[in-house]
Amino acid sequence: MKLKQICLLCFSPTGGTRRVGRYVARELATKLSLEVEEFDFTRPQNREREYRFGPDQLLVMASPVYAGRLPNKLRPEYQAKIHGQGGPAVPVCVFGNRSFDEALRELVLLLEGNGFQVAGAAAFAGRHPFSNQVGQGRPDEEDFAQMRDFAAGVAQKLTGEKLSPLSLDRGEIGPYYNPLKADGTPAKFLKAKPKTDWDKCDRCGACYRACPVECIDENMDATGSVCIKCQACVRCCHSGAKYFDDPDFLSHVLMLEQNYIRRAQNAQWL
């Protein structure tokens, strides 16, 4: 398979998914002697256009995992805006040390349905955006070594004339994971939105610029848009003014800290 370019496309509100996607793309670039062009799918204005990739372009698509699936607000945009013309793709999912559940299979099937041949797929653990304790230090050197091995396997496959399809279940995708509170009952925080400590806020606008779904306005206040709980506003606020105080959300964070500190395993499909 003759390729001329690697294209990296990421949705990464807090930067963790982009970091993994870049590492995989750069390892592939080294092994295939190609250049990487990066496309940011995070900002709303960048999702207004369609992205079409030719048969001689390798797409590395990196997405976070939300509740064991692709982000439900972003999945329709992935499907409508990202298209291939028979070229290869490498889907990469990044999950917050709990589980990637159905997300990787979902992304593989989406890309196959949108005109790509999937050369390999992987899910790697990262720090959970809700808590520094969950996935602390991930990805680490062991993770990066596995990313290098994965890129080597994909590069080897791409040197052949024809890609063999991945061996995976192509049946119906399972439901989203139901988040739980610390007591094991369902945590219902769909309507939760970030709050602002106005005594700390210096009106710098970082949270407004970082929000990927326009849930925060120019006054640094929550709007009527649906918040996807990505924590971009919390993570980017240098003064610690942004926070969530929804009781169910906080109890879910506690549950994660009580049950998912252990080292989650990555996965590779070649």
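Heads up: take any position in the sequence shown, counting from 1, add 69, and you land on my numbering. Ideal Cβ positions, reconstructed from N, Cα and C, are used throughout, including at glycine.
{"Check": "Local conformation of residue 136 per DSSP, three classes", "Outcome": "coil"}
{"Check": "Cutoff 7 Å; reference residue 250; Cβ partners in own chain excluding five residues on either side", "Outcome": "256, 317, 320, 321, 324"}
{"Check": "Exposure of residue 335, with buried meaning 16 or more beta-carbon neighbours within 10 Å", "Outcome": "buried"}
{"Check": "Cutoff 7 Å; reference residue 224; Cβ partners in own chain excluding five residues on either side", "Outcome": "97, 100, 101"}
{"Check": "Residue closest to residue 106, alpha-carbon to alpha-carbon, out of 79, 118, 278", "Outcome": "79"}
{"Check": "Which listed residue (310, 288, 279) has its alpha carbon closest to that of residue 297", "Outcome": "279"}
{"Check": "Which residues DSSP lists as bridging residue 190, in chain order", "Outcome": "338"}
{"Check": "Distance, residue 144 Cα to residue 119 Cα", "Outcome": "14 Å"}
{"Check": "Cα-Cα separation, residue 313 to residue 262", "Outcome": "7 Å"}
{"Check": "Beta-carbon proximity list for residue 191, same chain, < 6 Å, skipping 5 on both sides", "Outcome": "161, 219, 337"}
{"Check": "Residue 159 and residue 129 closer than 8 Å at C-beta", "Outcome": "yes"}
{"Check": "Residues sharing a beta bridge with residue 264, DSSP", "Outcome": "312"}
{"Check": "Residue 229 and residue 204 closer than 8 Å at C-beta", "Outcome": "no"}
{"Check": "Any C-beta of chain D under 8 Å from that of residue 134", "Outcome": "Reference to chain D is not applicable here, since this structure consists of a single protein chain."}
{"Check": "Exposed unless 16 or more other CB atoms sit within 10 angstroms - verdict on residue 244", "Outcome": "exposed"}
{"Check": "4 or more residues per run - each alpha helix (DSSP H) lying fully within the segment 273 to 327", "Outcome": "275 to 279, 301 to 305"}
{"Check": "Contacting residues, own chain, Cβ-Cβ under 7 Å from residue 202 (five flanking each side not counted)", "Outcome": "326, 330"}
{"Check": "Every unbroken alpha helix (DSSP H) within the segment 174 to 245, with a cutoff of 4 residues, ordered by chain", "Outcome": "210 to 227"}
{"Check": "Contacts around residue 183, its chain only, beta-carbon distance under 7 Å, and the 5 residues preceding and following it disregarded", "Outcome": "148, 151, 152, 153"}
{"Check": "Distance between residue 123 and residue 89 (C-alpha atoms, nearest Å)", "Outcome": "24 Å"}
{"Check": "Contact test: residue 197 Cβ vs the ligand PLP heavy atom, cutoff 7 Å", "Outcome": "The ligand PLP is not part of this structure, which contains no ligands at all."}
{"Check": "Alpha-carbon spacing of residue 234 relative to residue 294, whole angstroms", "Outcome": "39 Å"}
{"Check": "Identity of the residue in 87, 111, 197, 238 nearest residue 171 by Cα", "Outcome": "238"}
{"Check": "Distance, residue 85 Cα to residue 181 Cα", "Outcome": "25 Å"}
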